[in-house]
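Residues 0 to 200, numbered by the working numbering, are exactly what the sequence shown covers, in order.
Cβ coordinates follow ideal geometry from the N, Cα and C atoms, glycine included.
Shown next, in structure tokens, is the structure this report addresses.
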Amino acid sequence: MRTETPDEDERPTAYTAEPRSSFLEEKAFKSRTVMLFGAISDSSAADIARRLIALDSDSKDPIDMIVSSPGGHLESGDAIHDIIRFIDAPVRMIGTGWVGSAATHLYLSVPRERRFCTPNTRFLIHQPSGGAGGPASDIAIHAQEIIKARERIARTISRETGRPLDQVQEDIERDRWLSAEEAIEYGLVGRIISNKGELKK
């Protein structure tokens, strides 16, 4: 079978997505910026943890973490939350788009003075949900674990916002949406920013 050789104009260029991706990765590393966009999963948690540890070993200068996520796997969010608190370099958390569920828990891993958001960010707090099936005994175990996770999330929100625990437990019974301004009033956010320069003020 004959293979056609494309004309000079039809041949693919040497430019591919991979070099471009490497270029952007290098720029992000040099700017000490880590991004979480989309649902939190084991793979995204592993990638973010690896980046945070690498940046921490490179320098103890602040790391900017930009978060726009509806949440996802709670324990994966816990892993990122704990790594942020584990490393020495201070992390500045920047919410944008929306920050919900497990992403809110992750967002609260830093002190309020290092929690920022852009003007149009929305926040969502609520209790964890589950969809366990199988034998009744297994469903009961899952239900107990969800209750434990709910209490842990409520304690974290209460501690990091200064809100009474019983109020937080009531607030997360159903979806609670907050605008950027409402999130400041609630204690989730320290400051609304419109540009990067405001991080240093």
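Spell out whether any CB of chain C is found under 8 angstroms from the CB atom of residue i.
i    : result
L123 : The question asks about chain C, but that chain is absent: this structure has only one protein chain.
Measuring alpha carbon to alpha carbon, tell me which of the options ends up nearest residue i.
i    : options                : result
F28  : A44, E197, R49         : R49
A44  : P127, G189, H80        : H80
P110 : S100, I145, T155       : T155
G71  : D41, I86, L107, A53    : D41
R121 : P89, D55, P69          : P69
R31  : D57, D46, F22          : D57
P127 : G99, T95, E112         : G99
A88  : L35, I52, T95, K195    : I52
E172 : I192, E197, R190, I124 : I124
F85  : S67, L54, M34          : L54
Could you have a look at residue i and say whether DSSP puts it in helix, strand or coil?
i    : result
S67  : strand
T4   : With a pLDDT of 42 at T4, under the threshold of 50, the modelled position of that residue is not reliable, and the figure given next carries that caveat. DSSP places T4 in coil when its eight states are reduced to three.
A182 : helix
I47  : helix
D77  : helix
L105 : helix
G161 : coil
E17  : In this predicted model, E17 has a pLDDT of only 49, less than 50, meaning its place in the structure is not dependable; the value taken from the coordinates is given anyway. Reduced to three states, the DSSP call for E17 is helix.
K200 : coil
Using DSSP's beta-bridge definition, name the partner residues of residue i.
i    : result
T32  : D63
R114 : M92
R191 : The amino acid at residue 191 is misidentified as Arg; the sequence shows Ile. Its beta-bridge partners are C116.
L202 : Since the displayed the chain opens at 0 and closes at 200, residue 202 lies outside it and no answer follows.
I39  : G71
What whole-angstrom Cβ distance do residue i and residue j have, given they're in contact under 8 angstroms?
i    : j   : result
A102 : G76 : 7 angstroms
Between the stretch 150 to 169 and the stretch 51 to 61, do three or more beta carbon pairs fall short of 8 angstroms?
-> No, the stretch 150 to 169 is not in contact with the stretch 51 to 61.
Decide if the stretch 109 to 123 is in contact with the stretch 139 to 146; the criterion is three or more beta carbon pairs, one per stretch, under 8 angstroms apart.
-> Below 8 angstroms, too few C-beta pairs join the stretch 109 to 123 and the stretch 139 to 146 to call them touching: fewer than three.
Just checking, does the stretch 182 to 191 make contact with the stretch 155 to 168 on the three C-beta pairs under 8 angstroms criterion?
-> The stretch 182 to 191 is in contact with the stretch 155 to 168.
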